[in-house]
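What the sequence shown shows, in UniProt numbering, is residues 1 to 159, in sequence order. Below: one structure, written as structure tokens.
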Amino acid sequence: MPADFIPLGADMSTNYLFTLPDQNGNDFAAADHLPLVLYFYPKDSTPGCTTEAQEFSALLPEFQALGFQVAGVSRDSVASHQKFVCKYALEVPLLSDKDETVCRLFDVIKEKNMYGKKVFGIERSTFVLDAQGNISREWRKVKAAGHAQAVLDALRETA
1 MPADFIPLGA DMSTNYLFTL PDQNGNDFAA ADHLPLVLYF YPKDSTPGCT TEAQEFSALL
61 PEFQALGFQV AGVSRDSVAS HQKFVCKYAL EVPLLSDKDE TVCRLFDVIK EKNMYGKKVF
121 GIERSTFVLD AQGNISREWR KVKAAGHAQA VLDALRETA
């Protein structure tokens, strides 16, 4: 287990809060958006990532009705996020983690086998941070289609 792995229920309110630039280059401080559904995805404008972003965007009002904000994180640049948001009229903020600091903090950088080559990339994962900044729920190795609805359903069950 990596030294910076965050165990389920870990207190993020002091040691693990982060700030990343959003698709407009503005600072997005997690502490200002709690409770927060934070989803990590591999790459802008790819089929699975587009599906996931569109589904989270479509369901954003329902997440907000439960009191949650939603944000996506990938290693793509601010400019890439801006194009992705504009092309698909996405409603959720997309955060740029070019140096993988937050990705590594949440332990979502994993070795993958791509066309016979070993590469490191983001494992599609989602975390729910409660109002105190604690991880209250996590999903790892998720399939994009239907995942946003599954997260929403889980939050409704605990509301």
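We put the beta carbon where it would ideally sit given N, CA and C, even for glycine. Given the structure is predicted, the values throughout are model-derived calculations rather than measurements.
What is the DSSP secondary structure of residue i, reduced to helix, strand or coil?
i    : result
A71  : strand
F5   : The pLDDT assigned to F5 is 44, lower than 50, so where the model puts this residue is not dependable; a value taken from the coordinates is nonetheless given after this. Coil, per DSSP.
L36  : strand
T158 : helix
G146 : coil
E91  : coil
T101 : helix
Given a threshold of 16 other Cβ atoms within 10 Å of its Cβ, counted over all protein chains shown, does residue i qualify as buried or as exposed?
i    : result
A159 : exposed
L155 : buried
L132 : Per the sequence shown, the amino acid found at residue 132 is Gln instead of Leu. So Q132 counts as exposed.
P93  : buried
C49  : buried
E111 : exposed
V119 : exposed
Y41  : buried
A145 : exposed
D22  : buried
D27  : exposed
E52  : buried
E55  : buried
Please name the residue in the options whose C-alpha comes closest to that of residue i.
i           : options                  : result
V70         : Q82, A30, M114 and P42   : A30
D76         : D44, T50 and E111        : D44
L152        : A58, R104 and D27        : A58
I122        : C103, A150 and V128      : C103
G67         : L34, K98, C86 and Q82    : L34
A65         : R137, L36 and C86        : L36
L105        : E91, M114, N113 and F127 : F127
residue 164 : P47, V108 and V78        : Coverage of the chain is limited to positions 1 through 159, which leaves residue 164 absent and any answer about it impossible.
K141        : V108, T19, T46 and Q54   : V108
Return the bridge partner residues of residue i from the DSSP annotation.
i    : result
R137 : V128
E111 : F120
D76  : Note: D76 sits in no beta bridge, so no partner.
D27  : P21
S96  : S74
Mind reading off the beta-carbon distance from residue i to residue j? Whole number of angstroms is fine, and I expect it under 8 Å.
i   : j   : result
V73 : L17 : About 14 Å; that fails the 8 Å criterion.
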